[in-house]
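For the sequence shown, my numbering gives the first residue as 29, with consecutive numbering after it. For each residue, glycine too, the CB sits at the ideal point set by N, CA and C. This structure is a prediction, so every number in the text was calculated from the model and none was measured.
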Amino acid sequence: MSIRLSSPQSWTVHCDEGRLHRPVQGEFGVQPICDVLAETDAPSTYYAAHSRPPSARTLRDEQLTEEIRRIHADNYGVYEARKIHAALVREGVEVARCTVERLMRAAGLRGVIRAKSPRTTRPAPRD
């Protein structure tokens, strides 16, 4: 049985050999990993997850993302999450501001922030 572990360096684990070939060799044994994976129905779980209909959150996220894109475009792409949230509330859409922030981040939308730029260095102390 071979198992592919995802990491910056990919490992191939062979259960019959009883060892790992990369840096995690000292931390984890192969047999416990194989035992856990043998107890689960990994392939059937994977296909079950992909065949079920989208969740209510996914459907609402798609609808809200379209509304957020519309408001962002109507305002020349300068509205940030706080203003888009306020516009959605004015239109009667109940949504949390953190949800708007998450969906804007996922959609790659950014507004114009007119605040000062962040300070990246500190001045030397005066002695």
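- If you compare the alpha carbons of A109, E95 and G136 with that of G120, the shortest gap goes to E95.
- Burial is judged here by how many other beta carbons sit within 10 angstroms of a residue's own beta carbon; Y104 has fewer than 16 and is exposed.
- Cβ-Cβ separation between H100 and L137: approximately 5 Å, consistent with a contact (criterion under 8 Å).
- For the pair V140 and V128, the Cα-to-Cα distance works out to about 16 Å.
- Taking A115 as the centre and dropping the five residues before and after it, the same chain places the C-beta of I99 closer than 6 Å to its C-beta, in chain order.
- Spanning the alpha carbons of L131 and T73 requires a straight line of approximately 28 Å.
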